[in-house]
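Take a look at the structure below.
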Amino acid sequence: MEYLPTLHVHRPATAEEAVAVRANHASARYLAGGTDMVVNIRRGIEQPEHLIDLSDIEELGGIQASANGLRIGAGSTLKDLADDRDIRRVYAAVSEAAESVAGPTHQSYGTVGGNLCLDTRCLYYNQSEWWRDSNDFCLKLKGNVCHVAPGGSFCFAAFSGDLAPALMVCDAEAELLGPDGRRRTPLADLYRDDGMDHLTLKAGELLVAVHLPPPDGDGGSGYAKSRVRSAIDFPLAGVAVRLGLSSGKARTLAVALTAVAPRPHLVEGSEELKGRHVDDAWLDDLRDLVRAQASPMRTTTTKPWYRRRVAGALAAKVARRIAEG
Amino acid sequence: MAKTHLTFSLNGRQRDDVVPDNMLLVDFLRETAGLTGTKIGCDGGECGACTVLVDGSPRHSCLTLAVTMQNRDVETVESLAENGRLSAIQRAFHEQLGAQCGFCTPGMIMAAEGLLRENPSPSADDIRQGMASNICRCTGYVKIIAAVQTAAAELGK
Ligand SMILES: Cc1cc2nc3c(=O)[nH]c(=O)nc-3n(C[C@H](O)[C@H](O)[C@H](O)COP(=O)(O)OP(=O)(O)OC[C@H]3O[C@@H](n4cnc5c(N)ncnc54)[C@H](O)[C@@H]3O)c2cc1C
Ligand code: SF4
Ligand code: FES
Ligand code: FES
Chain A
34 MEYLPTLHVH
44 RPATAEEAVA
54 VRANHASARY
64 LAGGTDMVVN
74 IRRGIEQPEH
84 LIDLSDIEEL
94 GGIQASANGL
104 RIGAGSTLKD
114 LADDRDIRRV
124 YAAVSEAAES
134 VAGPTHQSYG
144 TVGGNLCLDT
154 RCLYYNQSEW
164 WRDSNDFCLK
174 LKGNVCHVAP
184 GGSFCFAAFS
194 GDLAPALMVC
204 DAEAELLGPD
214 GRRRTPLADL
224 YRDDGMDHLT
234 LKAGELLVAV
244 HLPPPDGDGG
254 SGYAKSRVRS
264 AIDFPLAGVA
274 VRLGLSSGKA
284 RTLAVALTAV
294 APRPHLVEGS
304 EELKGRHVDD
314 AWLDDLRDLV
324 RAQASPMRTT
334 TTKPWYRRRV
344 AGALAAKVAR
354 RIAEG
Chain B
23 MAKTHLTFSL
33 NGRQRDDVVP
43 DNMLLVDFLR
53 ETAGLTGTKI
63 GCDGGECGAC
73 TVLVDGSPRH
83 SCLTLAVTMQ
93 NRDVETVESL
103 AENGRLSAIQ
113 RAFHEQLGAQ
123 CGFCTPGMIM
133 AAEGLLRENP
143 SPSADDIRQG
153 MASNICRCTG
163 YVKIIAAVQT
173 AAAELGK
């Protein structure tokens, strides 16, 4: 039988109850689909004494459309996103990202909340206990040295969830519930540039839902990722693009990256590309802009230079696909 | 050791057990319920050998805590044969040589079962995509896809 630490599983019926359980137990962690959490428990990366199973909480489920846009409950599965007609039509980047996560079985029970709150990843971290032990662990957990950048005191483990950049280019907001009540924040602000502590969630805060505003005008969005195998693999680099066009010119543009830094982030400086014709020269400029802001480190077996180059190429590919309708 | 009183449906029969909170569903199936059809092929979420259906959808029993199955409906490969007669998918895997060593087969069959319930006449690409969470080290997949196509044709008659 598989060895797991002793734990208590709580099954709250409401979001408020979940937050209360968390507040009462410092070592408690939320459990949604478990496709990352249970892997990490089995590898000794997480050793919670209490797990709060979120799957019974009605408020976390469901995708609702209204005049204000779309509300996606944090407990919605990736398959729910990929199958939703509104999302497919209006926020294509989001359904493309959902469909690109791991494989179909993972998508059928892995959730939006788990994907957005995913731990950061690194070659030297996502390994079994004995593997990490034989390597003297690392700065992120139990060790003193970062094997990616020895001598430094920073952890470069990469945030590698696929949904975050896609939701970010669609101007998503996160709805959070904590001991001090509810708040809403732009999704981009949920993250900080620190592989050891990449979420800005306050102690015990629960992600309840993601809100997407109604889309503006024509154009569209898309997501693409590079990975070693075409199924069941985390991104080496992932790029979401939203591009609004009027008579062939870029009217609006948002680009966001994942897997090339400890946090997913919006690419800055895209204003300079606005108002210009989306032609080959424009796509080259977009590619170069993305390459300059992708900063992967040696956290995967694939070399950082490749991940930086492929990030630029993916951005141009997605933008071209949108422009060509 | 925290334990939970767990009631759920397993292969159509109601179970009633007291289960340690830290027990994985795959261990419950294999060691408590004695259903050893479900396999463990990796250290979590990589291979699909442990795939079962929960409320009709495929799920890795190696990443699922048994106690989270409260009031849910779990189906394993043992649920498919009726009165000793193999189901269409099982027969097709046998006849089309979709199994070699057989270790991935229960997971493959449950993934195929989930896929065909949702999409009774999948294209070869639908099958490749729909079963992409399952890894086979023997067959090269060609025979597995043929088996699912054969089963779909058989069920569609
Ligand atoms: C083989 C394999 C391949 C994978 N490939 C990919 C991939 O390509 N791309 C990708 O993005 N992911 C991948 N994953 C990771 C994972 O399957 C998905 O990211 C999934 O969406 C995680 O959701 P979950 O519900 O299973 O999360 P869980 O494992 O339940 O939780 C993940 C984390 O989020 C926290 N959490 C969950 N819900 C909330 C909430 N509502 N509020 C606050 N915190 C919360 C948990 O405490 C935990 O820390 C892969 C996993 C495996 C095993
Ligand atoms: S970047 Fe360094 S500290 Fe962070 S997980 Fe990797 S090896 Fe550990
Ligand atoms: S044993 Fe569950 S995925 Fe490999
Ligand atoms: S038949 Fe041997 S692993 Fe698939």
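In the order they appear, the protein sequences are chains A and B. This note's numbering runs 33 ahead of the 1-based position in the first sequence. This note's numbering runs 22 ahead of the 1-based position in the second sequence. Here a beta-carbon is modelled for each residue, glycine too, at the ideal position from N, C-alpha and C.
Query - Contacts of M23 of chain B in chain A (Cβ-Cβ under 9 Å) - result: Your numbering for residue 23 of chain B matches position 1 in the second sequence. Here the neighbours are T39.
Query raised in the report: Closest Cβ-Cβ distance between A135 of chain A and chain B: below 8 Å?
Result: What you label residue 135 of chain A is simply residue 102 of the first sequence in a count that begins at 1. Yes, because at least one Cβ of chain B sits closer than 8 Å to the Cβ of A135 of chain A.
Report task. Note down, in chain order, all residues in the segment 63 to 97 of chain B with a beta-carbon under 8 Å from any beta-carbon belonging to chain A. Result -> D65, G66, G67, E68, G70, T73, V76, S79, P80, R81, H82, C84, L85, T86, L87, V89, T90, Q92
Query raised in the report: Going straight from the alpha carbon of L322 of chain A to that of A273 of chain A, what length do you get?
Result: The sequence position of residue 322 of chain A within the first sequence is 289, counting from 1. The sequence position of residue 273 of chain A within the first sequence is 240, counting from 1. Taking the straight line from one Cα to the other gives about 14 Å.
Query raised in the report: Can you give the Cα-Cα distance for T285 of chain A and A205 of chain A, rounded to whole angstroms?
Result: As a first step, residue 285 of chain A is located in the first sequence; it is residue number 252 there, counting from the start. As a first step, residue 205 of chain A is located in the first sequence; it is residue number 172 there, counting from the start. For T285 of chain A and A205 of chain A, the distance between alpha carbons rounds to 16 Å.
Query raised in the report: Excluding five sequence neighbours on each side, which residues of the same chain lie with their C-beta closer than 7 Å to the C-beta of L64 of chain A?
Result: Locating residue 64 of chain A in the first sequence gives position 31, counting from the first residue. For L64 of chain A, where only same-chain residues beyond five positions count, the Cβ hits under 7 Å are M70, L84, I85, D86, L87.
Report task. Give a yes or no on whether 8 Å exceeds the smallest Cβ distance from N141 of chain B to chain A. Result -> Locating residue 141 of chain B in the second sequence gives position 119, counting from the first residue. Judged by the 8 Å Cβ criterion, N141 of chain B is not in contact with chain A.
**Report entry** chain B contact for T68 of chain A (CB, 8 Å cutoff)
**Finding:** Within the first sequence, residue 68 of chain A is the residue found at index 35, counting from 1. By this cut-off, T68 of chain A is an interface position.
Query - Residue of B:E176, B:D39, B:G34 minimising C-alpha distance to T26 of chain B - result: Translated into positions along the second sequence, residue 26 of chain B becomes position 4. Among B:E176, B:D39, B:G34, the Cα nearest to that of T26 of chain B is on B:D39.
Query - Test item: CB-CB of L299 of chain A and M201 of chain A under 8 Å - result: Residue numbering aside, residue 299 of chain A sits at position 266 when the first sequence is read from its first letter. Residue numbering aside, residue 201 of chain A sits at position 168 when the first sequence is read from its first letter. It is a contact, given that the beta carbons lie within the stated cut-off.
Query raised in the report: Cβ-heavy atom distance between F189 of chain A and ligand 2 below 7 Å?
Result: Here residue 189 of chain A is taken as the residue at index 156 of the first sequence, counted from 1. Yes, since a heavy atom of ligand 2 falls inside the 7 Å radius drawn around the Cβ of F189 of chain A.
**Report entry** Presumed contact (8 Å Cβ cut-off) between R44 of chain A and Q92 of chain B, rounded CB distance
**Finding:** Walking along the first sequence from the start, residue 44 of chain A turns up at place 11. Walking along the second sequence from the start, residue 92 of chain B turns up at place 70. With 8 Å as the limit, R44 of chain A and Q92 of chain B qualify as a contact, their Cβ atoms being about 7 Å apart.
Report task. Would you tell me roughly how many angstroms separate the C-alpha atoms of K175 of chain A and K165 of chain B, rounded to the nearest one? Result -> Stepping through the first sequence from its first residue, residue 175 of chain A is reached at position 142. Stepping through the second sequence from its first residue, residue 165 of chain B is reached at position 143. Those two C-alpha atoms are separated by around 46 Å.
Report task. Compare the C-alpha of G67 of chain B against each of B:K61, B:E53, B:V76, B:C84 and name the closest. Result -> Position 45 of the second sequence, counting from 1, holds the residue named residue 67 of chain B. The residue with the shortest Cα to Cα distance from G67 of chain B is B:C84.
Requested in this report: Can you have a look at A175 of chain B and say buried or exposed, based on whether 16 or more other CB atoms are within 10 angstroms of its CB?
Outcome: Translated into positions along the second sequence, residue 175 of chain B becomes position 153. So A175 of chain B ends up on the exposed side.
**Report entry** chain A contact residues for D147 of chain B, given Cβ-Cβ distances below 9 Å
**Finding:** In the second sequence, the residue the question calls residue 147 of chain B occupies position 125. Within 9 Å Cβ-Cβ: nothing; D147 of chain B doesn't reach chain A, min ~12 Å.
Query raised in the report: Cα separation between R353 of chain A and A264 of chain A?
Result: If you number the first sequence from 1, residue 353 of chain A lands on position 320. If you number the first sequence from 1, residue 264 of chain A lands on position 231. Each residue's alpha carbon lies about 24 Å from the other.
Report task. Taking A273 of chain A as part of the alpha helix (DSSP H), name the residues at either end of that continuous run. Result -> Against the first sequence, residue 273 of chain A aligns to sequence position 240. Careful: A273 of chain A lies outside any alpha helix (DSSP H), inside the beta strand (DSSP E) at 270 to 279.
Report task. Go through the segment 271 to 348 of chain A residue by residue and report every complete run of the beta strand (DSSP E) that reaches 3 residues or more, in order. Result -> 282 to 291
Query raised in the report: Looking only at DSSP bridge pairs, what is F30 of chain B linked to?
Result: Indexing the second sequence from 1 puts residue 30 of chain B at position 8. B:R37, per the DSSP bridge assignment.
Requested in this report: Compare the C-beta of T60 of chain B against all C-beta atoms of chain A and say whether one is closer than 8 Å.
Outcome: As a first step, residue 60 of chain B is located in the second sequence; it is residue number 38 there, counting from the start. It does not; no Cβ of chain A falls within 8 Å.
Requested in this report: Would you list, in chain order, the members of the segment 86 to 113 of chain A that have their beta-carbon closer than 9 Å to a beta-carbon of chain B?
Outcome: D86, S88, D89, T110, K112
Query - DSSP bridge partner residues for C8 of chain A (one or two, in chain order) - result: Shown here, chain A extends from 34 to 358; a query on residue 8 of chain A therefore has no answer.
Query raised in the report: Any chance the CB of G136 of chain A is under 7 Å from a heavy atom of ligand 4?
Result: By one-based count along the first sequence, residue 136 of chain A stands at place 103. No.
**Report entry** Below 6 Å from a heavy atom of ligand 3 - residues by beta-carbon
**Finding:** B:I62, B:G63, B:C64, B:G67, B:E68, B:C69, B:G70, B:A71, B:C72, B:H82, B:C84
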